[in-house]
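Peer 1: For reference, the structure I am asking about is given below.
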Amino acid sequence: MSRSALAHLPVVAPPPPPAVRRPRAVRPRPSERRTLWIALGVSAAIHLLVVLLSPTFIDFGAPRLRGGLAPPERPLQGLRVYDVVINENLPADAPLVLPRERVPQFVAPRATAPGLAAPAAPGRLLTPAERLAPRVRDRRLWVLPNQLPPAPKSDEERMRERVYARIEALNDSLAGLAEAHRRANDWTLKGEDGSRWGISSEGIHLGKITIPAPSFGAPAGRREEIDGRLREWGEIQQQSDREAARQTIRERAKAIREQKAKERAEEKKKDQ
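Here the sequence shown is numbered in the numbering used here, starting from 1 and rising by one per residue.
Set out below in C-alpha coordinates:
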(Lines of atoms letter the chains of each structure in order from A; the text may use other names.)
(Lines give C-alpha, C1' and ligand atoms only; values in the text may rest on other atoms or scores of the structure.)
Protein backbone atom coordinates (compact mmCIF):
# COMPACT_ATOMS: atom_id res chain seq x y z
CA MET A 1 0.00 0.00 0.00
CA SER A 2 1.32 3.38 -1.03
CA ARG A 3 1.79 6.31 1.18
CA SER A 4 -1.03 8.23 -0.47
CA ALA A 5 -3.49 5.49 0.31
CA LEU A 6 -2.36 5.43 3.91
CA ALA A 7 -2.86 9.14 4.19
CA HIS A 8 -6.49 8.96 3.02
CA LEU A 9 -7.46 6.26 5.65
CA PRO A 10 -9.87 7.47 8.37
CA VAL A 11 -8.41 7.90 11.86
CA VAL A 12 -10.26 5.86 14.52
CA ALA A 13 -10.21 7.32 18.03
CA PRO A 14 -9.67 4.97 21.03
CA PRO A 15 -12.72 4.12 23.15
CA PRO A 16 -13.15 6.17 26.32
CA PRO A 17 -12.23 4.50 29.65
CA PRO A 18 -15.10 3.02 31.66
CA ALA A 19 -16.60 5.27 34.28
CA VAL A 20 -15.63 4.47 37.87
CA ARG A 21 -18.44 4.56 40.37
CA ARG A 22 -17.63 6.33 43.60
CA PRO A 23 -18.78 4.62 46.85
CA ARG A 24 -21.58 6.30 48.59
CA ALA A 25 -20.83 7.73 51.97
CA VAL A 26 -22.30 5.62 54.77
CA ARG A 27 -24.11 7.73 57.25
CA PRO A 28 -24.64 6.37 60.75
CA ARG A 29 -28.13 5.70 61.68
CA PRO A 30 -29.68 7.44 64.72
CA SER A 31 -30.18 4.08 66.52
CA GLU A 32 -26.48 3.18 66.20
CA ARG A 33 -25.37 6.54 67.61
CA ARG A 34 -27.67 6.07 70.58
CA THR A 35 -26.30 2.59 71.30
CA LEU A 36 -22.70 3.88 71.17
CA TRP A 37 -23.37 6.70 73.63
CA ILE A 38 -25.15 4.31 76.02
CA ALA A 39 -22.18 1.86 75.95
CA LEU A 40 -19.70 4.66 76.65
CA GLY A 41 -21.79 5.89 79.57
CA VAL A 42 -22.09 2.41 81.11
CA SER A 43 -18.32 1.83 80.79
CA ALA A 44 -17.55 5.19 82.42
CA ALA A 45 -19.96 4.42 85.30
CA ILE A 46 -18.35 1.01 85.91
CA HIS A 47 -14.84 2.49 85.97
CA LEU A 48 -15.94 5.22 88.36
CA LEU A 49 -17.54 2.64 90.68
CA VAL A 50 -14.37 0.53 90.68
CA VAL A 51 -12.23 3.56 91.57
CA LEU A 52 -14.53 4.51 94.45
CA LEU A 53 -14.67 0.98 95.92
CA SER A 54 -10.98 0.17 95.46
CA PRO A 55 -9.92 1.40 98.99
CA THR A 56 -12.09 -1.33 100.56
CA PHE A 57 -10.26 -4.10 98.68
CA ILE A 58 -6.76 -2.64 98.29
CA ASP A 59 -4.65 -1.34 101.20
CA PHE A 60 -2.71 1.79 100.33
CA GLY A 61 0.18 2.84 102.56
CA ALA A 62 1.83 0.91 105.42
CA PRO A 63 0.80 -2.77 105.80
CA ARG A 64 -1.34 -3.75 108.78
CA LEU A 65 0.19 -5.73 111.61
CA ARG A 66 -1.36 -9.02 112.61
CA GLY A 67 -2.86 -9.34 116.05
CA GLY A 68 -3.15 -5.59 116.56
CA LEU A 69 0.44 -5.31 117.89
CA ALA A 70 2.20 -2.00 117.65
CA PRO A 71 5.57 -1.96 115.89
CA PRO A 72 8.54 -2.06 118.28
CA GLU A 73 10.02 1.29 119.07
CA ARG A 74 13.63 1.66 118.00
CA PRO A 75 15.93 4.34 119.31
CA LEU A 76 16.80 7.00 116.81
CA GLN A 77 20.43 7.12 115.78
CA GLY A 78 22.06 10.41 115.05
CA LEU A 79 24.29 13.16 116.38
CA ARG A 80 23.67 14.96 119.66
CA VAL A 81 24.11 18.72 119.45
CA TYR A 82 24.96 20.82 122.51
CA ASP A 83 24.51 24.56 122.79
CA VAL A 84 27.71 26.03 124.20
CA VAL A 85 27.11 29.29 126.08
CA ILE A 86 30.22 31.33 126.92
CA ASN A 87 30.00 33.33 130.12
CA GLU A 88 32.21 36.37 129.73
CA ASN A 89 32.05 37.26 133.46
CA LEU A 90 33.99 34.14 134.52
CA PRO A 91 37.69 34.59 135.30
CA ALA A 92 40.23 33.18 132.89
CA ASP A 93 41.57 30.58 135.38
CA ALA A 94 38.09 29.17 136.26
CA PRO A 95 37.81 25.37 135.81
CA LEU A 96 35.81 24.04 132.88
CA VAL A 97 32.55 22.39 134.00
CA LEU A 98 30.96 20.02 131.49
CA PRO A 99 27.24 19.20 131.63
CA ARG A 100 26.39 15.79 133.10
CA GLU A 101 24.90 13.32 130.69
CA ARG A 102 21.57 11.84 131.75
CA VAL A 103 21.57 8.07 132.12
CA PRO A 104 18.49 6.52 130.49
CA GLN A 105 16.27 4.50 132.81
CA PHE A 106 15.68 0.94 131.65
CA VAL A 107 12.95 -1.39 132.92
CA ALA A 108 14.34 -4.79 133.88
CA PRO A 109 12.53 -7.75 132.24
CA ARG A 110 10.37 -9.97 134.46
CA ALA A 111 10.92 -13.67 134.90
CA THR A 112 8.33 -15.60 132.88
CA ALA A 113 9.32 -19.17 133.80
CA PRO A 114 10.75 -20.95 136.86
CA GLY A 115 14.50 -21.04 137.03
CA LEU A 116 15.11 -17.63 135.49
CA ALA A 117 17.32 -15.07 137.15
CA ALA A 118 15.87 -12.44 139.43
CA PRO A 119 15.30 -8.95 138.00
CA ALA A 120 18.35 -6.75 138.03
CA ALA A 121 18.63 -3.46 139.82
CA PRO A 122 16.95 -0.52 138.10
CA GLY A 123 19.16 1.29 135.68
CA ARG A 124 21.18 -1.77 134.54
CA LEU A 125 20.45 -4.59 132.10
CA LEU A 126 21.61 -8.16 132.64
CA THR A 127 24.37 -9.47 130.45
CA PRO A 128 23.92 -12.77 128.58
CA ALA A 129 26.29 -14.50 131.03
CA GLU A 130 24.25 -13.27 134.01
CA ARG A 131 21.03 -14.46 132.40
CA LEU A 132 22.43 -17.99 131.92
CA ALA A 133 24.03 -18.24 135.38
CA PRO A 134 21.90 -19.62 138.28
CA ARG A 135 20.72 -16.95 140.66
CA VAL A 136 19.04 -16.80 144.06
CA ARG A 137 15.55 -17.51 142.73
CA ASP A 138 16.64 -20.58 140.78
CA ARG A 139 14.58 -23.52 142.05
CA ARG A 140 17.43 -25.91 141.42
CA LEU A 141 19.33 -24.33 144.34
CA TRP A 142 16.52 -24.80 146.87
CA VAL A 143 14.83 -27.99 148.10
CA LEU A 144 11.69 -28.05 150.23
CA PRO A 145 11.75 -30.17 153.43
CA ASN A 146 9.08 -32.53 152.09
CA GLN A 147 11.17 -33.11 148.95
CA LEU A 148 14.32 -34.24 150.74
CA PRO A 149 15.41 -37.81 149.89
CA PRO A 150 15.05 -40.34 152.73
CA ALA A 151 18.08 -41.13 154.84
CA PRO A 152 20.00 -44.27 153.85
CA LYS A 153 19.01 -47.37 155.83
CA SER A 154 21.47 -49.35 157.88
CA ASP A 155 22.26 -53.02 157.34
CA GLU A 156 20.18 -53.99 160.37
CA GLU A 157 17.11 -52.15 159.07
CA ARG A 158 17.42 -53.72 155.63
CA MET A 159 17.77 -57.20 157.17
CA ARG A 160 14.74 -56.59 159.41
CA GLU A 161 12.67 -55.50 156.40
CA ARG A 162 13.61 -58.65 154.51
CA VAL A 163 12.63 -60.87 157.46
CA TYR A 164 9.32 -59.05 157.88
CA ALA A 165 8.60 -59.34 154.16
CA ARG A 166 9.18 -63.10 154.20
CA ILE A 167 7.05 -63.56 157.32
CA GLU A 168 4.21 -61.56 155.76
CA ALA A 169 4.43 -63.60 152.55
CA LEU A 170 4.32 -66.83 154.61
CA ASN A 171 1.33 -65.58 156.61
CA ASP A 172 -0.49 -64.68 153.41
CA SER A 173 0.16 -68.15 152.00
CA LEU A 174 -1.05 -69.86 155.17
CA ALA A 175 -4.13 -67.66 155.32
CA GLY A 176 -4.88 -68.46 151.68
CA LEU A 177 -4.55 -72.20 152.29
CA ALA A 178 -6.80 -72.02 155.33
CA GLU A 179 -9.41 -70.05 153.41
CA ALA A 180 -9.28 -72.52 150.51
CA HIS A 181 -9.71 -75.47 152.92
CA ARG A 182 -12.63 -73.75 154.59
CA ARG A 183 -14.32 -73.03 151.28
CA ALA A 184 -13.81 -76.63 150.15
CA ASN A 185 -15.73 -77.89 153.20
CA ASP A 186 -18.25 -75.06 153.27
CA TRP A 187 -21.32 -75.45 151.06
CA THR A 188 -23.44 -72.75 152.59
CA LEU A 189 -25.09 -69.52 151.52
CA LYS A 190 -25.73 -66.47 153.66
CA GLY A 191 -29.06 -64.70 153.69
CA GLU A 192 -29.75 -60.99 154.02
CA ASP A 193 -30.39 -61.35 157.78
CA GLY A 194 -27.05 -63.18 158.30
CA SER A 195 -28.53 -66.70 158.47
CA ARG A 196 -26.71 -69.63 156.82
CA TRP A 197 -28.20 -72.33 154.61
CA GLY A 198 -26.33 -75.47 153.54
CA ILE A 199 -23.76 -78.01 154.76
CA SER A 200 -20.35 -77.34 156.31
CA SER A 201 -17.89 -79.11 158.59
CA GLU A 202 -19.93 -77.82 161.52
CA GLY A 203 -23.13 -79.54 160.36
CA ILE A 204 -26.31 -78.68 158.49
CA HIS A 205 -27.36 -75.05 158.60
CA LEU A 206 -31.07 -74.27 158.33
CA GLY A 207 -31.25 -70.54 158.79
CA LYS A 208 -30.53 -69.79 162.43
CA ILE A 209 -30.64 -73.48 163.34
CA THR A 210 -27.50 -75.65 162.99
CA ILE A 211 -27.63 -79.45 163.32
CA PRO A 212 -24.19 -80.72 164.53
CA ALA A 213 -22.23 -83.04 162.22
CA PRO A 214 -21.44 -85.81 164.78
CA SER A 215 -25.14 -86.70 164.90
CA PHE A 216 -24.80 -87.94 161.28
CA GLY A 217 -21.71 -90.01 161.95
CA ALA A 218 -21.34 -93.78 162.13
CA PRO A 219 -23.12 -95.75 164.82
CA ALA A 220 -21.38 -96.03 168.16
CA GLY A 221 -20.65 -99.73 167.69
CA ARG A 222 -18.91 -99.34 164.31
CA ARG A 223 -16.86 -96.21 164.89
CA GLU A 224 -13.72 -98.15 165.76
CA GLU A 225 -14.13 -100.36 162.68
CA ILE A 226 -14.55 -97.39 160.38
CA ASP A 227 -11.60 -95.59 161.98
CA GLY A 228 -9.44 -98.68 161.42
CA ARG A 229 -10.42 -98.93 157.78
CA LEU A 230 -9.62 -95.28 157.28
CA ARG A 231 -6.25 -95.71 158.98
CA GLU A 232 -5.41 -98.73 156.81
CA TRP A 233 -6.46 -96.87 153.68
CA GLY A 234 -4.21 -93.98 154.64
CA GLU A 235 -1.25 -96.33 155.15
CA ILE A 236 -1.89 -97.94 151.76
CA GLN A 237 -1.89 -94.56 150.10
CA GLN A 238 1.35 -93.59 151.80
CA GLN A 239 3.06 -96.83 150.74
CA SER A 240 1.85 -96.32 147.18
CA ASP A 241 3.28 -92.83 147.14
CA ARG A 242 6.62 -94.01 148.52
CA GLU A 243 6.83 -96.80 145.94
CA ALA A 244 6.09 -94.34 143.12
CA ALA A 245 8.86 -92.06 144.42
CA ARG A 246 11.35 -94.99 144.55
CA GLN A 247 10.42 -96.03 141.02
CA THR A 248 11.03 -92.51 139.78
CA ILE A 249 14.45 -92.44 141.48
CA ARG A 250 15.41 -95.79 139.91
CA GLU A 251 14.38 -94.60 136.45
CA ARG A 252 16.36 -91.40 136.77
CA ALA A 253 19.46 -93.28 138.01
CA LYS A 254 19.22 -95.69 135.09
CA ALA A 255 18.92 -92.82 132.60
CA ILE A 256 21.97 -91.11 134.14
CA ARG A 257 24.05 -94.32 133.92
CA GLU A 258 23.11 -94.81 130.29
CA GLN A 259 24.02 -91.20 129.50
CA LYS A 260 27.41 -91.55 131.21
CA ALA A 261 28.12 -94.83 129.35
CA LYS A 262 27.25 -93.17 126.06
CA GLU A 263 29.60 -90.26 126.78
CA ARG A 264 32.46 -92.64 127.66
CA ALA A 265 31.96 -94.58 124.44
CA GLU A 266 32.09 -91.37 122.39
CA GLU A 267 35.30 -90.27 124.16
CA LYS A 268 36.94 -93.65 123.39
CA LYS A 269 36.04 -93.33 119.73
CA LYS A 270 37.59 -89.88 119.61
CA ASP A 271 40.80 -91.13 121.26
CA GLN A 272 41.13 -93.96 118.74
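C-beta: ideal position from N, C-alpha, C; glycine also.
1. Using C-beta distances below 8 Å, list every residue in its chain close to T188, excluding the 5 sequence neighbours before and after it, in chain order.
2. Could you check what DSSP says for P152 in three-state terms: helix, strand or coil?
3. Threshold first: 4 residues or longer. Then list the alpha helix (DSSP H) segments lying entirely within the region 153-199, N to C.
4. Does DSSP put P55 in a helix, a strand or coil?
5. Classify T210 as helix, strand or coil using the three-state DSSP reduction.
6. Can you tell me where the alpha helix (DSSP H) holding T248 begins and where it ends?
7. Rounded to whole angstroms, what is the Cα-Cα separation between E224 and D186?
8. How many Å lie between L296 and V50 at the Cα?
9. Please report how far the alpha carbon of L170 lies from the alpha carbon of V143, in whole angstroms.
10. What does the alpha-carbon distance come out to for the pair R183 and K254?
11. Cα separation between A45 and I38?
12. Specify, as a first and last residue, the run of the alpha helix (DSSP H) that P145 falls within.
13. Opposite I46 in the DSSP bridges: which residues?
14. Terminal residues of the continuous alpha helix (DSSP H) containing L132?
15. Rounded to whole angstroms, how far is the Cβ of P134 from the Cβ of R140, which I believe are closer than 8 Å?
Peer 2: A quick look at the data gives this:
1. As a first step, residue 188 must be located in the sequence shown, where it is residue number 188. These residues qualify, in order along the chain: R196, W197, G198, I199, S200 and H205.
2. As a first step, residue 152 must be located in the sequence shown, where it is residue number 152. DSSP places P152 in the coil class of the three-state scheme, outside both helix and strand.
3. Here the runs fully enclosed are 155-184.
4. Within the sequence shown, residue 55 is the residue found at index 55, counting from 1. Helix.
5. For this step, residue 210 is matched to residue 210 along the sequence shown. Of the three classes helix, strand and coil, the one that applies to T210 here is strand, per DSSP.
6. Taking the first residue of the sequence shown as position 1, residue 248 is located at position 248. Its alpha helix (DSSP H) spans residues R223 to D271.
7. As a first step, residue 224 must be located in the sequence shown, where it is residue number 224. As a first step, residue 186 must be located in the sequence shown, where it is residue number 186. In this structure, the CA atom of E224 is about 27 Å from the CA atom of D186.
8. Only positions 1 to 272 of the chain appear in this structure, which leaves residue 296 out of reach.
9. For the purposes of this step, residue 170 is taken as the residue at position 170 of the sequence shown. For the purposes of this step, residue 143 is taken as the residue at position 143 of the sequence shown. When rounded, the distance between both Cα atoms is 41 Å.
10. Residue mapping note: residue 183 aligns to position 183 of the sequence shown, counting from 1. Residue mapping note: residue 254 aligns to position 254 of the sequence shown, counting from 1. Approximately 44 Å between the Cα atoms of the pair.
11. Here the question's residue 45 lines up with position 45 in the sequence shown. Here the question's residue 38 lines up with position 38 in the sequence shown. Their backbone Cα atoms lie some 11 Å apart in a straight line.
12. Start at 1 with the first residue of the sequence shown, and residue 145 comes out as number 145. Run containing P145: none; DSSP gives neither H nor E here.
13. Locating residue 46 in the sequence shown gives position 46, where the first residue counts as 1. Paired residues: none, contrary to the question.
14. Against the sequence shown, residue 132 aligns to sequence position 132. L132 -> alpha helix (DSSP H) spans P128 to L132.
15. Here residue 134 is taken as the residue at index 134 of the sequence shown, counted from 1. Here residue 140 is taken as the residue at index 140 of the sequence shown, counted from 1. Contact flag correct, Cβ pair sits at about 6 Å.
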